[in-house]
Amino acid sequence: MKNLALRPVRPGLFWFVLLLGGCAAGEETRTAPSPAPPAGFYVALDQTDRVLARDNLQTALETRLSGVSMPWVNPASGNAGVVTPVRTFRVGNKYYCREFREQVIVGGEPSERRRTACRNEAGKWRLRAER
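Numbering (this note's numbering), first residue to last: 249 to 379.
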């Protein structure tokens, strides 16, 4: 994994992307219904928002340096979010883990969490159990 040096966060970038999202036009994306009801942090998001949020989380943890935020926005729903990796560490000699902050904005109301995810052998980031 690359050396993940600290870089300043650009909070204005998130709001810029959020504002531009309101200007986007196009067809609404439809996805298959979720096989199970959503749980946890993404409970207020619709299926499309959940896909965007989960994909954004995977990409941010895999590609962003610590302190560098990665936003997402769904122009169809008006909902948005941002993931900021905070630090990277290894568990033994096997797994890389990353602590991160995530915010979602649903109907103009922000929710935030701070969690840790570890990269499994398949290359997917999985949330660690909360203590």
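Note that beta-carbon positions come from the ideal geometry of N, C-alpha and C, so glycine has one too.
Own chain residues within Cβ distance below 6 Å of residue i, not counting five before or after
i	result
arginine 363	Leu375
serine 359	Val352
Bounding residues of the beta strand (DSSP E) (the contiguous stretch that carries residue i)
i	result
arginine 302	Careful: arginine 302 lies outside any beta strand (DSSP E), inside the alpha helix (DSSP H) at 295-311.
serine 359	357-367
tyrosine 344	343-354
phenylalanine 337	328-339
valine 321	318-321
arginine 374	373-375
Residue from the options whose Cα sits closest to the Cα of residue i
i	options	result
arginine 349	Ala292, Ala370, Asp303, Ser314	Ser314
asparagine 327	Gln295, Arg367, Gly356	Gly356
threonine 336	Gly329, Pro358, Trp373	Trp373
alanine 377	Ala370, Ala365, Gly371	Ala365
phenylalanine 289	Gly329, Tyr343, Asn341, Lys342	Gly329
Beta-carbon proximity of residue i to residue j, cut-off 8 Å
i	j	result
asparagine 322	aspartate 303	no
valine 339	alanine 292	no
Sequence-distant residues of the same chain with beta carbon closer than 8 Å to residue i, five excluded per side
i	result
leucine 309	Val331, Pro333, Arg346, Phe348, Ala365, Arg367, Trp373
glutamine 306	Lys372, Trp373
glutamate 344	In the sequence on display, residue 344 carries tyrosine and not glutamate. So the list reads Met249, Thr336, Phe337, Arg338, Cys366, Arg367, once near-sequence residues are dropped.
Cβ shell of residue i (< 7 Å), same chain only, five flanking positions each side left out
i	result
glutamate 369	none
leucine 300	Trp320, Asn322
Min CB distance residue i to chain D below 8 Å
i	result
glutamate 378	The structure shown contains no chain D; it is built from a single protein chain.
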